[in-house]
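87 is the number that my numbering gives to position 65 of the sequence shown; each next residue is one higher, with no gaps.
Backbone N, C-alpha and C define an ideal beta-carbon position, used for all residues, glycine too.
A short write-up of the structure that comes next.
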Amino acid sequence: MTVLLILIVLLSGVGDTKPPAFDETNIYYPIPLVTPQFEHTMLEDPLELMSLELAECIENRVTDYESWFADIIWPAETFHNGGINDAIRGYYPPPTISEVITVPGDDRFHLYMIIYGEEKTIAFYGSPPNRFDVVLDPRILLVIDAYTFQPEMVLDFQTYTHCPGDDEADRDFAFQGLKWADVEREILYVSTAHRTYASSSGGLNAYITAIDMETLEVLWRSQPLVSNS
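Given below as structure tokens:
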């Protein structure tokens, strides 16, 4: 009876075990996420509601944003090779963060951006460079130890990339990719949005989603059109 109980305990945890981030052959194993609701979602009622207050508002010129990024400590570097903002462009990622990752099926994803957070470092990966050598459509998110830079978890946001409101004529432009992410107290906060007009997805884009890092359950999802302005 004792042996039977031990076997039951051991086997009960098999289905809950997350796959390793990568193996000895450097094949990465993204965890596919459940398709989210494309509406405001809350797993539980909030204990309190947060309010925001405008602290400062200063006029600026259209062309001085690069100077602004250069003057502050911006916690991210871009590697997608697009845009003109050299102040946040990265050239050499840390050695343990690959510029190209391979997943089962031999698909390859290219480094898009690295965000150096206080609790975790986050890396986004997108499609292979286009004819202009620009990486687009980031959907793979790599959670990395903030101190050792060793990958800990790989998430695939494929189910977040298109919504029921997509206009088929604009579908190629309505890919809702990863825009920003941060981890705080074992909760992953992710901003996703597409690059074209909101009407191309029926207004159903530009969300912030909070995901439990242990269960990968969506704790809440914002109203649409609240990020990526």
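| Check | Outcome |
| --- | --- |
| Could you tell me which residues DSSP pairs with S213 in its beta bridges? | W202, I230 |
| Can you give me the Cβ contacts of Y138 inside the same chain, cut-off strictly under 6 angstroms, excluding the 5 residues immediately before and after it? | P97 |
| Rounded to whole angstroms, what is the Cα-Cα separation between I230 and G104? | 24 angstroms |
| Is R207 helix, strand or coil when you go by DSSP? | coil |
| Got a sec, what are the start and stop residues for the alpha helix (DSSP H) W96 sits in? | Careful: W96 lies outside any alpha helix (DSSP H) and carries neither H nor E. |
| Considering just the uninterrupted stretch of the beta strand (DSSP E) at L132, what are its terminal residues? | First, the residue type needs correcting, since residue 132 is His and not Leu in the sequence shown. Counting along the chain, the beta strand (DSSP E) containing H132 begins and ends at 129-138. |
| Do you know how far the Cα of A191 is from the Cα of V205? | 36 angstroms |
| I28 to Y51, Cα distance in whole Å? | In this predicted model, I28 has a pLDDT of only 33, less than 50, meaning its place in the structure is not dependable; the value taken from the coordinates is given anyway. When rounded, the distance between both Cα atoms is 29 angstroms. |
| Which residues does DSSP list as the beta-bridge partners of Y147? | L133, I162 |
| Beta strand (DSSP E) containing V122: first to last residue? | 122-125 |
| How about R193 and D178: are their beta carbons less than 8 angstroms apart? | no |
| Measuring straight from C-alpha to C-alpha, what distance separates L26 and E236? | Bear in mind that the predicted position of L26 carries a pLDDT of just 37, short of 50, making it unreliable; the figure below should be weighed with that in mind. Cα-Cα distance, rounded: 28 angstroms. |
| Is the distance from the Cβ of I233 to the Cβ of L210 below 8 angstroms? | yes |
| Excluding the 5 residues flanking V157 on each side, which residues of the same chain have their C-beta closer than 6 angstroms to its C-beta? | H102, H132, Y134, G148, P151 |
| Please check the pair T118 and F171, which I expect to be a contact at CB under 8 angstroms, by giving their CB distance rounded to whole angstroms. | 4 angstroms |
| Hey, A168 and E141 are a contact pair by Cβ (cut 8 angstroms); roughly how many whole angstroms apart? | 6 angstroms |
| Should N82 be labelled buried (16 or more other beta-carbon atoms within 10 Å of its own) or exposed? | exposed |
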